[in-house]
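Notes for the one structure printed next.
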Amino acid sequence: MFTSLLLLLVPGGEFFALTPAALQSFFEGETAEMIGHVMMEQLYDLDQLVEERGSFTPGSILAGVTAGEFDPEETTLEQRARMGDMYAQNDLGLKYNLGDGVPQDYAEAVKWYTMAAEQGLAVAQTNLAWMYESGSGVARDMALAAEWYTRAADQGHSRAQNNLGVLYEHGNGVEQDLSNAVKLYRRAAEQGNLNAQTNLAYMYEHGRGVKQNDRRAVELYTKAAELGHSRAQNNLGFLYEHGRGVRRSEKKAADWYRKAAEQGNPYSQTNLAWMYESGSGVEKDESKAVELYLLAAEQGHARAQTNLAWMYQNGTGVAQNDVEAVRWYRSAAEQGDLRGQCNLGWMYEKGRGVEQSDEEAVRWYRSAAEQGHSTAQANLGWIYMNGKGVDKDIQEALRWLAMAADQGNSSAMYNIGWLCENGDGVDKDLKRAVKWYRRAVEMGDKMAMDALERLGEK
């Protein structure tokens with residue numbers, strides 16, 4: 068006969084195994100029963116250990132904690148699993164998933180999760196769905212992931228509801244349905260699922276599947292943020308920084324960014340770094356900004372990499388170093404960061420921190436310009452004006468300069484004015500030149516001011 072065994076965490080980080088009867092000696096009546104239920108739920112469920120949008124990452128949770136109904140002298144976990152105990156099957160799957168006491172084997176984990184899932188165990192269905200979603204131990208299959216999440220979600224499993232909501236939000240494995248995503252997030256959020264509260268807040272913040280409502284977003288982010296959810300803390304900080312749904316407070320923004328940054332959130336590390344760089348909500352500290360940018364950059368955060376490169380390029384908060392600047396610009400550029408691509412192009416154009424190459428400059432400017440980056444468009448226009456790394460082509464230059472000017476780029480406006488003033492590749496037209504110079508002056512362009520003065524215009 069098996070006996071129920073519960074694990075109790077005590078100060079010092081040790082676990083004590085208690086039977087329900089032993090637990091009764093510490094607590095009375097319904098309280099003991101409730102605590103026992105909560106402990107068991109936490110052992111089988113990974114909800115509180117999930118940090119990002121929707122699922123646990125293999126290896127990211129505490130290993131060495133399994134529980135079920137067993138007498139270790141009578142049987143082993145694997146024996147109970149083979150006898151059809153669905154809880155043991157899920158636990159054994161988790162052990163293989165994490166490599167906890169056994170060699171890590173995702174395929175073996177899938178096998179045991181499947182056995183438990185087919186018996187209707189919601190947490191096993193959720194774990195199996197994640198394996199299909201991530202392609203761990205099985206071919207990635209978003210449709211099957213959605214199917215298993217649905218089975219668990221229909222039983223009220225909050226992590227499954229949240230994860231299924233993510234699939235509906237993005238149309239992965241199911242047809243995109245933002246309204247259904249909101250419903251699923253709400254069901255999970257009402258159970259206290261922090262990921263779901265954060266995801267639902269995001270939907271309100273951006274008006275996805277629900278009427279846009281910053282105040283409601285703040286309420287939901289706050290619930291999750293106060294319980295330590297780093298993404299909620301970051302997003303709440305953003306709303307405080309910009310005064311959306313709440314009275315603007317850069318200090319509170321910095322406080323929330325700091326809480327998330329201390330948990331290693333790279334978005335918050337980057338946002339807090341900017342606060343230190345600009346002196347917004349905190350005392351200006353460029354060295355601290357560099358420190359935070361570096362933490363995020365080393366995690367692969369592209370915006371942090373670009374900002375860190377800028378600090379190295381200009382010697383702000385750190386010793387000036389063009390080689391380091393190029394290294395970080397390249398890391399960001401290769402991830403598709405437009406500012407990183409544009410700035411890397413500039414470093415190649417000027418030969419700073421890298422061997423000068425007009426061809427490489429054109430390559431990176433074009434990559435960012437084609438995606439709408441106005442500075443890259445202006446720079447590429449200038450390249451075509453002067454035939455550096457490409458054949459001189461004024462019409463192509465004007466095409467890129469016009470794109471940049473339409474986005475308010477003053478240097479592009481100045482260069483169009485210069486072409487009109489000098490009749491380089493276009494008909495000379497001083498009136499048109501003055502018009503473009505004036506537009507550039509309105510944007511604060513000093514060269515355009517000098518041009519108007521040279522032409523005797525105000």
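Numbering of the sequence shown is given in our numbering, commencing with residue 68 and proceeding in unit increments. We put the CB at the ideal spot given by N, CA and C, even for glycine.
- Task: Report the three-state DSSP secondary structure of G187 (helix, strand or coil).
- Result: coil
- Message: Can you find the residues in the same chain that come closer than 7 Å, C-beta to C-beta, to S246, ignoring five residues on each side of it along the sequence?
- Response: G276
- Task: Taking only the alpha-carbon atoms, compute the straight-line gap between R282 and S441 and give it to the nearest angstrom.
- Result: 34 Å
- Query: Hey, M414 and Y396 are a contact pair by Cβ (cut 8 Å); roughly how many whole angstroms apart?
  - Reply: 6 Å
- Task: Closer than 6 Å by C-beta to T124: which residues in its own chain qualify, once you throw out the five before and the five after it? Chain order, please.
- Result: Caution is warranted here: a pLDDT of 36 is assigned to T124, below 50, making its placement in the model unreliable, and the coordinate value is therefore given only provisionally. Answer for T124: no residue qualifies.
- Under 7 Å Cβ to Cβ from E391, same chain only, skipping five residues before and after it: list those, please. Y379
- Message: So A471 and G448 are supposed to be a Cβ contact under 8 Å. How far apart are they, rounded?
- Response: 6 Å
- Query: Taking the alpha carbon of Y468 as the point to measure from, which residue in W503, A321 and Q444 has its own alpha carbon closest?
  - Reply: Reading off the sequence, residue 468 comes out as Leu, not Tyr. Among W503, A321 and Q444, the Cα nearest to that of L468 belongs to Q444.
- Looking at E463 and Y36, is the spacing between their C-beta atoms short of 7 Å? Residue 36 is absent from the model: the chain starts at 68 and stops at 525.
- Run through DSSP, which three-state label would V474 get? Checking the sequence shown, residue 474 turns out to be Gln, not Val. Three-state DSSP puts Q474 in coil, outside helix and strand.
- Buried or exposed (CB count within 10 angstroms, at least 16 for buried), R218: buried
- Message: Whole angstroms are fine: how far does the CA of Q228 sit from the CA of A220?
- Response: 5 Å
- Task: Please confirm whether L294 and L267 have their CB atoms less than 7 Å apart.
- Result: no
- Does DSSP classify D221 as helix, strand or coil? coil
- Own chain, CB closer than 7 Å to A148, minus 5 neighbours either side, in chain order: A155, Q156, L159 and W179
- Candidates Q264, H296 and M510: which alpha carbon is nearest W323's? H296
- Item | From V429, H273, A196 and D208, residue whose alpha carbon lies closest to that of H224 | A196
- Where the alpha helix (DSSP H) containing S335 begins and where it ends: P333 to S345
- Message: Between which residues of its own chain and R253 is the CB-CB distance below 8 Å, once the five residues before and five after are set aside?
- Response: A263 and L267
- Item | Range covered by the alpha helix (DSSP H) that runs through R419 | Premise fails: R419 is in no alpha helix (DSSP H) and is neither H nor E.
- Where does R325 land, buried or exposed, given buried means 16+ other C-beta within 10 angstroms? buried
- Task: Go ahead and pull the three-state DSSP assignment for N410.
- Result: helix
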